[in-house]
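Here the structure is laid out as structure tokens; the discussion comes afterwards.
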């Protein structure tokens with residue numbers, strides 16, 4: 015893998031992980047808010 | 024009662040239970056022995072690696088055995104409301120901590136003597152600097168026993184105790200592993216001067232976790 | 081307002097600000113900043129690796145502080161417990177990322193995926209300490225908050241000990257570790273600006289995510305309480321199906 019490959023892999027992993035975590039938070043929050051009276 | 028008397032009382036109780044049940048003798052010690060054997064299977068004795076890695080393997084075996092010893096230390100109080108009895112006994116949390124940790128430490132020391140001889144014979148290791156070895160063994164054992172007892176009480180009432188304590192304890196005793204192995208290596212290689220700084224680190228860690236245990240054990244026991 | 085850390089408008093604003101800052105960072109780090117004289121383009125990983133490492137330790141610090149505040153009787157409150165848990169979850173996330181990014185950087189630059197120096201080993205131990213803490217948090221029962229708080233404090237004492245002992249043991253470079261190298265005086269101009277921007281960006285992101293996670297924890301704690309109350313009410317209704325009239329005896 016070229017250097018650029020490592021760089022994009024790294025940045026991609028950060029974006030995917032942080033984005034995925036944020037999305038999970040949003041979805042779980044919506045679910046929790048819906049069960050509020 | 025004074026701290027020392029209470030500590031001796033609790034340690035005596037645990038050791039007497041061990042004397043009668045012989046769990047450390049018939050289960051934990053053989054476990055340590057088998058681990059030492061398995062390492063030899065894993066590492067091919069003919070390649071000459073064993074003497075070089077002997078100190079590290081010894082301490083890994085001790086650490087694994089310590090997990091069992093700590094687990095046992097709290098298992099003896101799991102039934103018949105024994106832990107409630109301990110809470111209501113009026114004994115100070117620090118004394119109970121010191122007593123249980125001392126019992127575990129003494130059991131581990133006995134184990135280490137036997138395993139140490141086994142490793143020296145089986146892995147063909149010559150040990151110089153016996154004073155260094157003795158102090159390494161004592162400080163490392165106190166460090167592991169106190170930290171283990173602290174996590175043991177933290178997990179005492181929980182059903183997942185058996186799988187929880189190892190994952191909590193091992194990262195925290197990593198420095199003890201490191202220091203004990205390096206000091207032991209220094210003793211084996213005959214350069215004790217390189218080992219003493221590590222013993223100092225081990226002593227520091229032992230003192231630190233003894234202190235933390237004395238503070239936290241009582242409150243944690245209340246919650247179990 | 082103990083069910084969230086930030087005012088809703090502030091939180092939303094912070095979210096957008098973080099996103100914008102991240103876009104700017106990507107442009108700076110991947111395009112504007114020059115490649116390093118020695119490391120080449122691989123150096124661009126530093127613009128994410130350094131901030132995630134910073135967050136790993138910041139998050140743990142917050143967990144430890146919140147745990148201490150929980151244990152101190154005068155300040156004891158569920159707020160600190162929830163904050164500790166939220167920060168720890170972010171901590172695991174960023175510690176994991178730090179390790180992966182470090183590895184991805186190390187391969188092209190050092191030629192190896194891993195090295196046994198103080199910084200890396202301490203971060204790996206930190207990861208396991210976090211994971212253990214989160215495992216502990218999942219266990220319900222009385223005294224959960226106190227257990228977790230004490231575990232966090234034991235762990236925070238351990239981190240510098242591990243770092244110190246491993247550093248004593250071995251280092252890969254004479255001059256210190258990756259972190260020191262990247263923040264040394266030799267970095268000038270665009271690269272330095274980008275690096276500081278990356279730390280700022282990720283710190284904003286951390287605060288935003290922390291508030292969101294804390295908010296979720298509050299909502300779920302509320303839901304648990306309601307579910308418990310509902311279950312109790314249902315059970316009582318089962319046991320007493322016929323309404324008792326006023327004045328009647330059983």
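Chains as they are written, first to last, in the working numbering: chain A, 15 to 51; chain B, 24 to 247; chain C, 81 to 330.
Don't be surprised by glycine CBs; every beta carbon is placed ideally from N, CA and C.
1. Would residue 178 of chain C and residue 133 of chain C be called neighbours here (beta carbons separated by less than 8 Å)?
2. Residue 208 of chain C to residue 179 of chain B, Cα distance in whole Å?
3. Measuring only the C-alpha atoms, how far is residue 299 of chain C from residue 50 of chain B?
4. Using only the alpha-carbon positions, how far apart do residue 172 of chain C and residue 39 of chain B sit?
5. Under the criterion of a Cβ to heavy atom distance below 7 Å, does residue 73 of chain B qualify as lining the ligand ZN?
6. Of all Cβ atoms in chain A, is any one closer than 8 Å to the Cβ of residue 296 of chain C?
7. Leaving out five residues on either side along the sequence, give the residues of the same chain with a beta carbon under 6 Å from the beta carbon of residue 253 of chain C.
8. Name, please, each residue of chain C whose Cβ falls closer than 8 Å to the Cβ of residue 24 of chain A.
9. Spatial neighbours of residue 203 of chain C within its chain, please: C-beta separation below 8 Å, excluding the five flanking residues on both sides.
10. List the residues of chain C that residue 130 of chain B touches, going by C-beta distances under 8 Å, in chain order.
11. DSSP on residue 120 of chain C, reduced to helix/strand/coil?
12. Report yes or no: is there a C-beta of chain C within less than 8 Å of the C-beta of residue 218 of chain B?
13. Looking at chain A, is there any beta carbon in it that lies within less than 8 Å of the beta carbon of residue 171 of chain C?
14. With distance defined between alpha-carbon atoms, name the residue in C/169, C/218, C/149 nearest to residue 35 of chain A.
15. On a CA-only basis, which of B/46, B/48, B/198, B/85 is nearest residue 62 of chain B? Give me that one, please.
16. Is the Cβ-Cβ distance between residue 127 of chain B and residue 160 of chain B less than 8 Å?
17. Quick one: list the residues of chain C neighbouring residue 237 of chain B, beta-carbon separation under 9 Å, in chain order.
18. Around the C-beta of residue 234 of chain B, are 16 or more other C-beta atoms found within 10 angstroms, so that it is buried, or is it exposed?
19. Using DSSP with H/G/I as helix, E/B as strand and the rest coil, what is residue 16 of chain A?
20. Whose C-alpha, out of C/88, C/238, C/142, is nearest the C-alpha of residue 167 of chain C?
21. Is any beta-carbon of chain A found at less than 8 Å from that of residue 221 of chain C?
22. According to DSSP, is residue 152 of chain C part of a helix, a strand, or is it coil?
23. At the 8 Å Cβ level, is residue 242 of chain B part of the contact set with chain C, yes or no?
24. Rounded to a whole number of angstroms, what is the C-alpha to C-alpha distance between residue 43 of chain A and residue 295 of chain C?
25. Check whether the Cβ of residue 37 of chain A lies closer than 8 Å to any Cβ atom in chain C.
26. Which whole-angstrom value is the C-beta distance of residue 110 of chain B and residue 212 of chain B, which I expect to be below 8 Å?
27. Select from C/250, C/147, C/189 the residue whose C-alpha is nearest the C-alpha of residue 15 of chain A.
28. So which of C/199, C/152, C/228, C/231 has the shortest CA-CA distance to residue 130 of chain C?
29. Measure the C-alpha to C-alpha separation of residue 151 of chain C and residue 229 of chain C and round it to an integer number of angstroms.
30. Are three or more beta carbon pairs between the segment 233 to 245 of chain C and the segment 218 to 225 of chain C nearer than 8 Å?
31. Would you identify the three-state DSSP class for residue 126 of chain B, choosing helix, strand or coil?
32. Do you know offhand how far residue 193 of chain B's Cα is from residue 60 of chain B's?
33. Alpha carbon to alpha carbon, how far is residue 194 of chain C from residue 261 of chain C? Give it in angstroms, no decimals.
34. I'd like to check one pair, residue 138 of chain B with residue 55 of chain B: are the Cβ atoms closer than 8 Å?
35. Residues of chain C with a CB under 9 Å from the CB of residue 224 of chain B: which are they?
36. Skipping 5 residues on each side, what residues in its chain have a beta carbon closer than 8 Å to that of residue 88 of chain C?
On the basis of the supplied data:
1. What you label residue 178 of chain C is simply residue 98 of the third chain in a count that begins at 1. What you label residue 133 of chain C is simply residue 53 of the third chain in a count that begins at 1. Cβ atoms of residue 178 of chain C and residue 133 of chain C: closer than 8 Å.
2. What you label residue 208 of chain C is simply residue 128 of the third chain in a count that begins at 1. What you label residue 179 of chain B is simply residue 156 of the second chain in a count that begins at 1. Whole-angstrom Cα-Cα distance: 21 Å.
3. Within the third chain, the letter at position 219 stands for residue 299 of chain C. Within the second chain, the letter at position 27 stands for residue 50 of chain B. For residue 299 of chain C and residue 50 of chain B, the distance between alpha carbons rounds to 48 Å.
4. Start at 1 with the first residue of the third chain, and residue 172 of chain C comes out as number 92. Start at 1 with the first residue of the second chain, and residue 39 of chain B comes out as number 16. In a straight line, the C-alpha of residue 172 of chain C is about 43 Å away from that of residue 39 of chain B.
5. Among the components modelled here there is no ligand, and therefore nothing to report on the ligand ZN.
6. Translated into positions along the third chain, residue 296 of chain C becomes position 216. Taking Cβ atoms only, chain A reaches closer than 8 Å to residue 296 of chain C, which makes this a yes.
7. Position 173 of the third chain, counting from 1, holds the residue named residue 253 of chain C. With a pLDDT of 34 at residue 253 of chain C, under the threshold of 50, the predicted position of this residue should be treated as unreliable, though the coordinate-derived value follows. No residues qualify anywhere along the chain.
8. Start at 1 with the first residue of the first chain, and residue 24 of chain A comes out as number 10. By Cβ distance, chain C contributes 125, 128, 129, 180, 181, 184, 185.
9. The residue you call residue 203 of chain C lines up with position 123 of the third chain. Only 133, 136, 175, 178, 179, 182 meet the Cβ criterion.
10. Taking the first residue of the second chain as position 1, residue 130 of chain B is located at position 107. Those do not exist, as residue 130 of chain B stays about 23 Å from chain C at its closest Cβ, beyond 8 Å.
11. Start at 1 with the first residue of the third chain, and residue 120 of chain C comes out as number 40. Strand at residue 120 of chain C.
12. As a position in the second chain, residue 218 of chain B is number 195, starting the count at 1. Closer than 8 Å: no.
13. Position 91 of the third chain, counted from the start, is the residue given in the question as residue 171 of chain C. No, because no Cβ of chain A sits closer than 8 Å to the Cβ of residue 171 of chain C.
14. Looking up residue 35 of chain A in the first chain gives position 21. Closest option to residue 35 of chain A, Cα to Cα, is C/169.
15. Stepping through the second chain from its first residue, residue 62 of chain B is reached at position 39. Closest by alpha carbon: B/85.
16. One-based indexing of the second chain puts residue 127 of chain B at position 104. One-based indexing of the second chain puts residue 160 of chain B at position 137. No. Outside cutoff.
17. Here residue 237 of chain B refers to the residue found at position 214 of the second chain. Going along chain C, no residue has its Cβ under 9 Å from residue 237 of chain B, so there is no contact; the nearest lies around 13 Å.
18. By 1-based counting over the second chain, the position of residue 234 of chain B is 211. Flag for residue 234 of chain B reads exposed.
19. Taking the first chain and counting its residues from 1, one reaches residue 16 of chain A at position 2. Reduced to three states, the DSSP call for residue 16 of chain A is coil.
20. Here residue 167 of chain C is taken as the residue at index 87 of the third chain, counted from 1. Taking only the C-alpha atoms, the option nearest residue 167 of chain C is C/142.
21. On the third chain, position 141 is the one that residue 221 of chain C refers to. Residue 221 of chain C does not count as touching chain A.
22. Counting from 1 along the third chain, the entry for residue 152 of chain C is found at position 72. The answer is coil: DSSP assigns residue 152 of chain C none of H, G, I, E or B.
23. Numbered from its first residue, the second chain carries residue 242 of chain B at position 219. For residue 242 of chain B, the answer is yes, since a Cβ of chain C falls inside 8 Å of its Cβ.
24. As a first step, residue 43 of chain A must be located in the first chain, where it is residue number 29. As a first step, residue 295 of chain C must be located in the third chain, where it is residue number 215. Cα-Cα distance, rounded: 8 Å.
25. Along the first chain, one-based indexing puts residue 37 of chain A at 23. No, no contact with chain C.
26. Numbered from 1 along the second chain, position 87 holds the residue referred to as residue 110 of chain B. Numbered from 1 along the second chain, position 189 holds the residue referred to as residue 212 of chain B. Contact doesn't hold; Cβ gap of about 49 Å is too wide.
27. The count along the first chain starts at 1 and reaches residue 15 of chain A at position 1. Nearest of C/250, C/147, C/189 to residue 15 of chain A, Cα basis: C/189.
28. Counted from its first residue, the third chain places residue 130 of chain C at position 50. Checked all of C/199, C/152, C/228, C/231; the closest Cα to residue 130 of chain C is C/199.
29. Start at 1 with the first residue of the third chain, and residue 151 of chain C comes out as number 71. Start at 1 with the first residue of the third chain, and residue 229 of chain C comes out as number 149. Straight-line Cα distance between these residues: approximately 7 Å.
30. no
31. Here residue 126 of chain B refers to the residue found at position 103 of the second chain. Helix, per DSSP.
32. As a first step, residue 193 of chain B must be located in the second chain, where it is residue number 170. As a first step, residue 60 of chain B must be located in the second chain, where it is residue number 37. One C-alpha to the other measures close to 22 Å.
33. Reading the third chain from its first residue, position 181 is the one you call residue 261 of chain C. Reading the third chain from its first residue, position 114 is the one you call residue 194 of chain C. Residue placement at residue 261 of chain C cannot be trusted, given a pLDDT of 47 that sits under 50; what the coordinates show is reported in the next sentence. Rounded to whole angstroms, residue 261 of chain C to residue 194 of chain C spans 17 Å at the Cα level.
34. Within the second chain, residue 55 of chain B is the residue found at index 32, counting from 1. Within the second chain, residue 138 of chain B is the residue found at index 115, counting from 1. A contact, by the Cβ cut-off of 8 Å.
35. Position 201 of the second chain, counted from the start, is the residue given in the question as residue 224 of chain B. Within 9 Å Cβ-Cβ: 241, 244, 245, 248.
36. In the third chain, counting from the first residue as 1, residue 88 of chain C sits at position 8. Excluding sequence neighbours, residue 88 of chain C sits near nothing in its chain.
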